[in-house]
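Below is one structure, written out as structure tokens, with a few remarks after it.
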Amino acid sequence: MKCLIPALLALMAAPPLWAQTDGDGPAKAPALLLELNDAETVGEACRLTFVVENRLGTDLAALGIEAVIFTPEGGVERLLSLDLQSAPAGRPRVRQFDLPGLDCARLGRVLVNAVTPCEGEGLAAETCAGALSLTSRNDDVEVSG
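Going by mature numbering (1 follows the signal peptide of the UniProt record, and there is no 0), the letters in the sequence shown line up with residues -19 to -1, 1 to 126, in that order.
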């Protein structure tokens, strides 16, 4: 019995399995990562390449964003609704969008106005927007939200 009490105390002090990490630091908070990976001119269009990584812990059956494209001078160029399709939990996905009539040199910023739809089992509608983390690999194009 004396050996059982210290063992139980040690178990109670240990973090739960869902909060454990891969050894690189503290547990990662649920997140929905959206990276502008590339912007390249293709013919008469600007092709935007995004990488989506769903770290929410559940598959997303549908994911989309409302985005605003700004010129380098700060003027609104256009408003878009981008369908990012499904996003399986823990597996990155690459999505490309061609924006006809836009020269990529005229792309200054992408603003994510809203995340809609965001459909996954057990997810509240506002979960995706609250967990959204935005980055850009393109030094000339800022992504914000």
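Cβ atoms here follow ideal geometry from the backbone N, Cα and C, with glycine treated the same way.
Exclusion of the five residues before and after Pro73 leaves Val32 and Glu34 as the residues of its chain whose Cβ lies within less than 6 Å of its Cβ.
Here Cys109 has Leu13, Val96 and Cys99 as same chain residues with Cβ atoms under 6 Å from its own Cβ, once five neighbours each way along the sequence are excluded. Its Cα nearest to that of Leu41, the residue Gln66 stands out among Pro11, Leu15, Arg28 and Gln66.
Secondary structure of Gly103 (DSSP, three-state): coil.
Counting only runs of 3+ residues, the beta strand (DSSP E) found wholly inside the region 35 to 98 occupies 41 to 51, 57 to 68 and 74 to 81, in chain order. Bounds of the beta strand (DSSP E) holding Ala20 are Ala12 to Val23.
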